[in-house]
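See below for the structure under consideration.
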Amino acid sequence: MKVDQIFIDQAAGLSTAEVSDALDYFGLPGSAPGIRPIAGPRKLCGPAFTVRFAPVDTAKPGTVGDYLDDIPAGAVAVLDNAGRIDCTVWGGIMSRLAARRGLGGTVVNGVCRDTAEADEAGYPLYAAGRFMRTGKDRVQVDAIGEPVTLAGVRVCAGDFVIADLDGVVVVPAARTEEVLRRALSMQAVEQRIVAAALDGMTLSDARRQFGYHTLQRKPG
Amino acid sequence: MKVDQIFIDQAAGLSTAEVSDALDYFGLPGSAPGIRPIAGPRKLCGPAFTVRFAPVDTAKPGTVGDYLDDIPAGAVAVLDNAGRIDCTVWGGIMSRLAARRGLGGTVVNGVCRDTAEADEAGYPLYAAGRFMRTGKDRVQVDAIGEPVTLAGVRVCAGDFVIADLDGVVVVPAARTEEVLRRALSMQAVEQRIVAAALDGMTLSDARRQFGYHTLQRKPG
Amino acid sequence: MKVDQIFIDQAAGLSTAEVSDALDYFGLPGSAPGIRPIAGPRKLCGPAFTVRFAPVDTAKPGTVGDYLDDIPAGAVAVLDNAGRIDCTVWGGIMSRLAARRGLGGTVVNGVCRDTAEADEAGYPLYAAGRFMRTGKDRVQVDAIGEPVTLAGVRVCAGDFVIADLDGVVVVPAARTEEVLRRALSMQAVEQRIVAAALDGMTLSDARRQFGYHTLQRKPG
Chain A
242 MKVDQIFIDQ
252 AAGLSTAEVS
262 DALDYFGLPG
272 SAPGIRPIAG
282 PRKLCGPAFT
292 VRFAPVDTAK
302 PGTVGDYLDD
312 IPAGAVAVLD
322 NAGRIDCTVW
332 GGIMSRLAAR
342 RGLGGTVVNG
352 VCRDTAEADE
362 AGYPLYAAGR
372 FMRTGKDRVQ
382 VDAIGEPVTL
392 AGVRVCAGDF
402 VIADLDGVVV
412 VPAARTEEVL
422 RRALSMQAVE
432 QRIVAAALDG
442 MTLSDARRQF
452 GYHTLQRKPG
Chain B
242 MKVDQIFIDQ
252 AAGLSTAEVS
262 DALDYFGLPG
272 SAPGIRPIAG
282 PRKLCGPAFT
292 VRFAPVDTAK
302 PGTVGDYLDD
312 IPAGAVAVLD
322 NAGRIDCTVW
332 GGIMSRLAAR
342 RGLGGTVVNG
352 VCRDTAEADE
362 AGYPLYAAGR
372 FMRTGKDRVQ
382 VDAIGEPVTL
392 AGVRVCAGDF
402 VIADLDGVVV
412 VPAARTEEVL
422 RRALSMQAVE
432 QRIVAAALDG
442 MTLSDARRQF
452 GYHTLQRKPG
Chain C
242 MKVDQIFIDQ
252 AAGLSTAEVS
262 DALDYFGLPG
272 SAPGIRPIAG
282 PRKLCGPAFT
292 VRFAPVDTAK
302 PGTVGDYLDD
312 IPAGAVAVLD
322 NAGRIDCTVW
332 GGIMSRLAAR
342 RGLGGTVVNG
352 VCRDTAEADE
362 AGYPLYAAGR
372 FMRTGKDRVQ
382 VDAIGEPVTL
392 AGVRVCAGDF
402 VIADLDGVVV
412 VPAARTEEVL
422 RRALSMQAVE
432 QRIVAAALDG
442 MTLSDARRQF
452 GYHTLQRKPG
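Respectively, the protein sequence lines represent chains A, B and C. Its first residue numbered 242, the first sequence is counted upward by one per residue in this note's numbering. Its first residue numbered 242, the second sequence is counted upward by one per residue in this note's numbering. Its first residue numbered 242, the third sequence is counted upward by one per residue in this note's numbering.
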């Protein structure tokens, strides 16, 4: 997995709403409901490093993993704990080390803990919520680098992840370039609508003039 | 719909808790669970301008509407998207224009997006949550100015809407004057109880002296 | 019920995550999902003063109680409203008086109101959420000082309650000393792991060296 700086630069100027509209334009899914900002800057983007957890195998217990050593700087850890809210798979040690190592952030399909430490470290952390009970001896790492599920959205290693105050969006790796390019062009149209309307045009006229109502609809 | 400045001035000094107690006194519903402050000042009041959305009619798709042009300054947009959390009916363009046009705020029975822009615009926005996927081509405006539902509460055009950090309360238009008047008188009693108790009286004595336990109960 | 200053001093330096791990070590429950910080400092600890509410008895209505007069300074009010989100059992008068009287904070298995006042008073308030409708004439005090339920966790009078940004943990009164002692020793180990890893050791090596993966597992 390589971290493509051009995508990160483009995504830094885009909102999840704009990227979601571009996904709609191409008929792609990717908007993950129920995952929200928990700590750190309310912005994150980068290619996914995926980790899937499963209930602990009591016959042969595994661990919650030391995968952090293997994540490249700039990548986003996407941890799939199946939406469980009864035990955490990310905590303070992880936030402090991930911040130090320059990771792009962490997104949890489940809950996380020590969230005050992530805030202090300025580390972007997204999850379904906060809790304090450890996942150790409750879940274990089941797969690394395999496709995972994030609130109904499929995430593969290398897929591009963008998150902000509104939540998390995932773009398939092979479509990242065209989706981000389309999002940037749609952003430009919306900016023209706002400018015209703030300048006195009715919203109705401004939207009609710039084709707002079909902006994210792909020409049939 | 006219925006009655006297009601807005009175409501500005009242909390949703005080108005809810006054509604209880008259045996009226109006407290809407699950709708919370999302952006802007944690205070909103004004008469409702109602918009109802319905799933898109694929045979003859409608739009998410340009109703913003028709809402008078001071009014509160109440958007009923049936509590859906999978697509938004309010976003950044709307927040910026609504702030510029002096609307009282927006309350969504559902989710909204571009919430950072609403914050920047200082625009009061209440909803069941945040998400980023557009409602365009998913829902369409079904009715404007008709009664709508807000988390189980009926809202008609012109009903008085008050919201703060605790959530949203709706007062029927025809009862607004007596409800706000009653809320102000109950507020005065509660202030006397707090003053007496902070002054050393037991809470039990203070409440008994000022009739706290039956304050919102209408004399039979 | 006495408020043991030694426990409060120890707990002030511990996170709920550390205490939860110590509870795991002894095979004890205590982590209460779904209860989150609402107002005031994001830290609370002290012995529980328990109050249970029940639906109002229409034949002989009771009150929401004046138990506040009986709670010693430093204690934490634990109010069990059965997780109800349709009416509140804690409001602004209570927050202001409780802050003045030096209570340790309030934890509600349910919702609370006038949360802006608790914030202004700097009073630690934890609950399942915010709402504004009063519990008066909807629920009444059913028991004081009896065992109650907090999001699935049993809380007895005098049990030690600790809360922070991640949520609320309850330690049985008879086990408080050993649980807090164990939490402090586990905290020391985690601090050595972080220090070693920030110093350049891989997380894998640091965790192996200090026995992280079995830290909260009691030696069989």
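Built from N, CA and C at the ideal position, the CB exists for glycine as well.
Comparing alpha-carbon positions, the option among B/Asp321, B/Glu361, B/Arg325 lying closest to B/Ile334 turns out to be B/Glu361. Per DSSP, A/Phe294 lies in no alpha helix (DSSP H) segment; the continuous beta strand (DSSP E) that holds it begins and ends at 284-296.
Taking A/Lys377 as the centre and dropping the five residues before and after it, the same chain places the C-beta of Val305 closer than 6 Å to its C-beta, in chain order. A straight-line Cα-Cα distance of about 54 Å links C/Ala300 and B/Arg341. Relative to the Cα of A/Ala316, the nearest Cα in the group A/Gly287, A/Trp331, A/Ser336, A/Thr417 belongs to A/Gly287.
Distances from the alpha-carbon of A/Ala404 to those of A/Pro282, A/Asp265, A/Leu269, A/Pro270 put A/Pro282 closest. Per DSSP, A/Phe248 lies in no beta strand (DSSP E); the unbroken alpha helix (DSSP H) holding it starts and ends at 246-253.
In this structure the stretch 341-356 of chain A does not lie against the stretch 251-261 of chain A, because fewer than three pairs of beta carbons, one per stretch, are closer than 8 Å.
By the C-beta criterion, the stretch 242-257 of chain A is judged to be in contact with the stretch 311-329 of chain A, since at least 3 inter-stretch pairs fall below 8 Å. Using a CB distance below 7 Å, the part of the stretch 316-332 of chain C facing chain B consists of Ile326, Asp327, Gly332, ordered along the chain. In the three-state DSSP reduction, C/Leu269 falls in the coil class, being neither helix nor strand.
The stretch 289-296 of chain A makes contact with the stretch 317-327 of chain A; the number of CB pairs closer than 8 Å reaches 3 or more. With respect to chain A, the C-beta atom of C/Thr443 has a partner C-beta closer than 8 Å. Beyond the five residues adjoining it in sequence on each side, A/Tyr308 comes within less than 6 Å, by CB distance, of Val292, Ile385 in the same chain, given in chain order.
The DSSP assignment places complete beta strand (DSSP E) segments of no fewer than 3 residues inside the stretch 306-363 of chain A at 317-329, 346-353, in order along the chain.
Against chain A, the beta carbon of C/Pro274 has neighbours under 7 Å at Ile326, Asp327, Phe372, listed in chain order.
Interface annotation, A/Ser261: in contact with chain B, CB-CB separation under 8 Å. The beta carbon of C/Ala280 lies closer than 7 Å to those of Thr356, Ala359, Asp360, Tyr364, Leu366 in the same chain, with the five residues before and after it left out.
Judged by DSSP secondary structure, A/Phe451 falls within the alpha helix (DSSP H) whose first and last residues are 444-451. In the three-state scheme derived from DSSP, where H, G and I count as helix and E and B as strand, A/Ala436 is classed as helix. The beta carbon of C/Thr299 does not come within 8 Å of any beta carbon belonging to chain B, so the residue lies off that interface.
Beta-bridge partners assigned by DSSP to C/Thr304: none are found. By the beta-carbon neighbour count (other beta carbons within 10 angstroms, threshold 16), C/Thr347 is buried. As far as DSSP is concerned, C/Thr455 takes part in no beta bridge. For A/Gln457, the closest alpha carbon among the candidates B/Arg374, B/Ser336, B/Asp298, B/Ile326 is that of B/Arg374. Against chain C, the CB of B/Ile434 has a partner CB under 8 Å away; the residue lies at that interface.
For B/Arg277, the enclosing beta strand (DSSP E) begins and ends at 277-280. Burial is judged here by how many other beta carbons sit within 10 angstroms of a residue's own beta carbon; A/Val430 has fewer than 16 and is exposed. Residues of the same chain with a CB within less than 6 Å of the CB of C/Val409, apart from the 5 flanking positions on each side, are Ala273, Ile276, Val348, Tyr367 in chain order.
In the same chain as A/Gly370, and ignoring 5 residues on each side of it, the C-beta atoms closer than 7 Å to its own belong to Ile326, Val352, in chain order. Annotated three-state conformation of B/Asp262 is helix, per DSSP.
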